[in-house]
Amino acid sequence: MQYRKLKLEVAVHNFQYTRAKNAAGAIAELSKNPAAKLVAGGTNLIDLMKYGVMAPDRLVDINRLSYNAIQKESGVLSIGATVTNSVAAANEMVLQYQPLLSQAMLAGASPQLRNKATMGGNLLQRTRCPYFYDISEPCNKREPGTGCGALKGYNRMHAIFGASDACIAVNPSDMNVALVALDASVQVTGPKGKRNIPIAEFHRLPGKHPELDNTLDRREVITGLLIPDNAFSKHTTYLKVRDRASYAFALISVAVALEMEETTEGTTIKEVHLAMGGVAHKPWRLTAAEQLLKGKKATVENFKMAAELAMQGAKSYGHNDFKLKLAPNSIVQALKTASGIKA
Amino acid sequence: MGKKHLENADMAKAISRVDGRAKVTGAAKYAAEVQLQDLTYAVLVGSTIAQGIITKIDTQKAEWAPGVIAVISHLNTPGVPEYKLQNQDVIQKQLRVFDDANIYYNGQPVAVVIADTLERAQYGASLVSVTYKKEQHVSNLEDNLSRAVVPKKAKADPRGFTSDFVRGKAGAYLDAEVQVVEEYIQPSEVHHPMELHSIIASWEGNDKLTLVDKTQGSQQTQASIAKSFQLKPENVKVVATYVGGAFGSALRVWPHEIVAILAAKKVQKPVKLVLSRGQMSYMVGYRPYTLQKVSLGASKDGKLVGISHESYGKTSMYEEFTENVLQMTRMMYDVPNIDTKYRIVPLNVSTPAPMRGPGEATGSFALECAMDELSYKLNMDPIALRLVNYAGQDPDKLLPWSSNYLKDCYRLGAEKIGWNNRKAEAGTVQEGEWKVGYGVATGTFGAFRSAATIKATYKADGTLLLQSAIADIGPGTGTAMTSIAAENLGIDPSLITFQLGNSSFPKAPMQGGSNSVATVGSAVVAACTNLKVELAKRAAKQKQEWNNAVPANIQLKGNELVNSDDTASKVKLVSLFTEGGLTELVIEGSAAQGDERNKYSFYSYSVHFIEAHVHELTGVVRIKNAVSVVDCGTIVSPKTARSQLMGGIVGGIGMALMEEAVIDDRTGRTINASFGDYHVPVNADIPQMEMLFVNEKDPYLNPMGSKGLGEVVIIGVAPAVANAVYNATGKRIRHLPITPDKLI
Ligand SMILES: Cc1cc2nc3c(=O)[nH]c(=O)nc-3n(C[C@H](O)[C@H](O)[C@H](O)COP(=O)(O)OP(=O)(O)OC[C@H]3O[C@@H](n4cnc5c(N)ncnc54)[C@H](O)[C@@H]3O)c2cc1C
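Chains as they are written, first to last, in this note's numbering: chain A, 6 to 348; chain B, 28 to 771.
Laid out in structure tokens, this is it:
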């Protein structure tokens, strides 16, 4: 049998580099050249270029665009797209109004990487599926139609929700999980003008088109993130379960934001937002579990019921069977930590 | 015992690494950093199938790419002369580089692209297109146990650790009152030293070759390359001044080194070849995936009746790799009945290599977990169980130990970690959401020495230059040798320079198997002794009392030669140079193994104590405290010894909790061939550690009283962690690494 011609050795292909002066310039570059890509911190894109996974022929540097502010206006915290994860995580307004976001960002990567990684780049970081990264393996996300290497392969890190036969990869971001729990939206500008995309609609499920990670138009530029005020700041937790204490992607992560209330019945949950990472092609909001918990007493019993509900419809692929247990355990643990309820 | 042992707090006065400043400032140049004129760059192309034949290699695009000078494959290789001389089967041979179209493992080098810059070589390599006829391959050990074979070398050494062996009665554990019968799995681990494997090859004419190379043995690489390329050994020069870790991965010549030499021949220019981090998973060995079956039998009082131990390890299709997995089982405990069986399974993988604590680290994981399991069945303290079975002499060789302070190791470590806090019943201690447990395990590694020579150049200005071909892959050999010489001569360490890592320097063994201090240190002592004798001879011309001076009493104090027996006889050191108008004295000293191995059995020992916390819901393991105690004879260089032990504990924690090279058996490719995906511990994984040394002299191995340290520090750490996790949770994980998924 003749084997498909595959390559092991990978290299960065020649590309041009240009620095965008403003958003319009960047949009123009993207519009006239379908093989152009924006580059921010470069920690994901350059990596993928070195592995031969992506080969843009023109890089448009957006680091000097003026999307580097963090502001609080009329009940909304806005963070510019080129603000680095380090700066945002340490920002006083972020810590005060949206501590969950800071916690999630600090759980990601390493300090060195966070110093380069931007808010926009983090939103768009691609999956870490090993079959996506190894260009000698089949991957529908990298090369549509070649098949999914992970489906019957080593899929320990892979999805348990919302996957398809075409792709079982997960979104690897920690930041995105917090953003989903916080009902953030993504500000973008493009050839057709500006729009805000609710974060829940920003990332996609793979379906038949795993090559598409999100709903952003190829010519659009992310300008910032908007996070509405909430009453969660006292009871938030980002729990990340991983194979080593730092610098590892999540096996499972859980973002919890609670608003607690003392009633005659005891400590009850007035409002709750829950999201999970490491389980799907997009950050996974646990709506049913939220509904169950809302107005209930904060007890471990209720947390367990919510976790069980959250797991409905989960499906594993062999190496990731453990997630069916680790995920609900982690939900319970994160709720315990956020609420301070021990029993 | 008084307080002779060394603890963390005793390190302050010890001398620091002699090359520490050069290393942290970047002044130390590693192979890949060396720049030569006209240097060209080579990038390897690896196969993407695991078994089959190359049917076509299309190199045209690569050859036309900018900057590309040549593309070499089996179709146009200049050839390795040795391959033509011997007509051996490919089995039992190292991989023959570019010799034919056969593929034996995924990632095997099939071509190399040489260009004027690294980036152009990389780009060129990405353009080489290889077509294969793919054949069925096998890479999974458990699925292929039927292919297991007795290694050929076992026949040549029937008493060796790879031969089937019986002492007393086979299967005697079956008669015992209490039994443990379990299987343990050590996955493949990649060495992944910080420094990538790198080489610069440059030819001078057709018969002279210089290599700047990452190697653990400059002279061994010299000999191996001289043989491959049929050159006079003296015409091959190997330089390895700095080596950034190796852990066993640079103990032999690998295909990429042969490729660089072939490439330099082809392009008639020096060639630099640096493996990528990904290629490190395919090209330079690994600790082999090994399945072990351990059966222990003991009487109710804990006395071992019998041990049966089998080991099945991966090897490649073209070469048999073996290691001493079963050595510890045969000598560690006083057991009347032992039987061992060692098998290897040839698969479509590259050849493994010794990795820190080779064999013994794998073997001790199984044996020391099984001992722990036995302790619970007996309801006996794991330390008490080991003490009941303590072997007063080597039960395998029936020789007395040269020295053995294991009992001190158990005692010192138990005190330090607070062993009393351990609850005998597993899974009973809880601190908040964390389950708490303690574990202990033992390690041992043979202590050796071989032959070495030191050239000493003593100058009239009081400085001393010592030279040896030995490599320093990180333990601080130069520092240890400087300490030995300074102590012996009585001079300040700052006056001594130790040069190493060059095949032109005097004879030394490879840096592997924990014998550098024992071997080269002995030669340093010999050279220092010879120097003192020579100085005394010269001094005797001024004051004849020096004729009777005993070297042990002679010291070079300040600017004078002093005889501790007779203070009156001091002579000025400078005055000893006047005769013959010399500015320096050049002296050699050699040392080699004597007949000590016929009389004594030599081993170093380590005992590791771990306090582990395991999260009740997420299965996350945090090591809270680690205490290790080592009996490796006299410590000649406390700071670097401590660093070695620290590194061993960290490596052992990695082995226990996260290291695993995962192969997709459908392709034979490594799934986690990057530093992002192949996990080694980060700082946040590493706890408070206490490094203790018994620091008692071994009287028989060498003049310093030292035994080996480099390997024994990691042996036994992983089972100590596994045992602590069991004590915390009641869950016995027999398949490393112990990741959260296995504990929930
Ligand atoms: C070894 C390693 C470990 C890591 N571990 C973690 C982890 O544990 N958790 C985690 O969450 N992340 C982790 N990361 C990922 C890291 O967070 C991302 O690489 C980073 O956030 C990407 O940001 P960047 O600015 O560097 O993006 P870039 O690499 O510059 O860009 C990424 C993508 O976003 C696009 N882009 C960037 N900015 C914009 C914009 N304004 N508008 C439109 N498109 C844009 C680019 O075109 C590109 O396609 C890790 C990364 C590495 C290398």
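Cβ atoms here follow ideal geometry from the backbone N, Cα and C, with glycine treated the same way. Keep in mind that this is a model prediction, so the values were computed, not measured.
Local Cβ density within 10 Å of residue i, reported as buried at 16 or more and exposed below that
{"i": "B:W91", "result": "exposed"}
{"i": "B:L425", "result": "exposed"}
{"i": "A:L291", "result": "buried"}
{"i": "B:V577", "result": "exposed"}
{"i": "B:M398", "result": "buried"}
{"i": "B:Q163", "result": "exposed"}
{"i": "B:K31", "result": "exposed"}
{"i": "B:M407", "result": "buried"}
{"i": "B:R357", "result": "buried"}
{"i": "A:Y22", "result": "exposed"}
{"i": "B:R370", "result": "buried"}
{"i": "B:Q87", "result": "exposed"}
{"i": "A:S83", "result": "buried"}
Pick from the options that is closest to residue i, judged by C-alpha positions
{"i": "B:Q671", "options": "B:D712, B:E395, B:S655 and B:E261", "result": "B:S655"}
{"i": "B:A700", "options": "B:Y313, B:P105, B:K568 and B:K443", "result": "B:Y313"}
{"i": "A:T304", "options": "A:A41, A:K157, A:T342 and A:W289", "result": "A:T342"}
{"i": "B:F392", "options": "B:M355, B:V372, B:D499 and B:Q78", "result": "B:M355"}
{"i": "B:V351", "options": "B:Y417, B:K330 and B:T389", "result": "The residue you asked about is not Val; residue 351 of chain B is Asn in the sequence shown. Closest by alpha carbon: B:T389."}
{"i": "B:R449", "options": "B:I81, B:R123, B:E346 and B:T756", "result": "B:T756"}
{"i": "B:N710", "options": "A:Q101, A:S251, A:V99 and A:K213", "result": "A:S251"}
{"i": "B:E400", "options": "B:V598, B:R279, B:E452 and B:E169", "result": "B:E452"}
Near ligand 1: residue i beta-carbon under 6 Å from a heavy atom
{"i": "A:D179", "result": "yes"}
{"i": "A:T4", "result": "Because chain A is modelled from 6 through 348, residue 4 of chain A falls outside the range shown and cannot be assessed."}
{"i": "B:G94", "result": "no"}
{"i": "A:T123", "result": "yes"}
{"i": "A:L256", "result": "no"}
{"i": "A:G57", "result": "no"}
{"i": "A:A285", "result": "no"}
{"i": "B:V752", "result": "no"}
{"i": "B:N406", "result": "no"}
{"i": "A:A349", "result": "Because chain A spans 6 through 348 in this model, residue 349 of chain A falls outside it and cannot be assessed."}
{"i": "A:K42", "result": "yes"}
{"i": "A:L129", "result": "yes"}
{"i": "B:G384", "result": "no"}
{"i": "A:A114", "result": "yes"}
{"i": "A:A25", "result": "no"}
{"i": "A:I204", "result": "no"}
{"i": "A:L118", "result": "yes"}
{"i": "B:I252", "result": "no"}
{"i": "B:G703", "result": "yes"}
{"i": "B:I410", "result": "no"}
{"i": "B:V207", "result": "no"}
{"i": "B:V140", "result": "no"}
{"i": "A:A260", "result": "no"}
Segment limits, alpha helix (DSSP H) that includes residue i
{"i": "A:S178", "result": "Segment: none, A:S178 is in no alpha helix (DSSP H) and carries neither H nor E."}
{"i": "B:P385", "result": "Per DSSP, B:P385 belongs to no alpha helix (DSSP H) and is neither H nor E."}
{"i": "A:G282", "result": "No alpha helix (DSSP H) contains A:G282, which is instead part of the beta strand (DSSP E) from G271 to G282."}
{"i": "B:E442", "result": "L433 to I444"}
{"i": "A:L298", "result": "T292 to L298"}
{"i": "A:D52", "result": "L50 to K55"}
{"i": "B:L331", "result": "No alpha helix (DSSP H) contains B:L331, which is instead part of the beta strand (DSSP E) from L331 to S343."}
{"i": "B:M355", "result": "Q354 to M358"}
Residue range of the unbroken beta strand (DSSP E) whose run includes residue i
{"i": "B:K242", "result": "Correcting the residue identity first, residue 242 of chain B is Thr in this sequence and not Lys. Neither: B:T242 is in no beta strand (DSSP E) and is coded neither H nor E."}
{"i": "B:Q306", "result": "Here B:Q306 belongs to no beta strand (DSSP E), and DSSP marks it neither H nor E."}
Below-7 Å beta-carbon distance, residue i vs any chain E residue
{"i": "A:N334", "result": "No chain E appears in this structure, whose protein chains are A and B."}
heavy atom of ligand 2 below 6 Å from residue i C-beta
{"i": "A:V226", "result": "Inclusion of ligand 2 in the displayed structure is not the case, the ligand content consisting of ligand 1 alone."}
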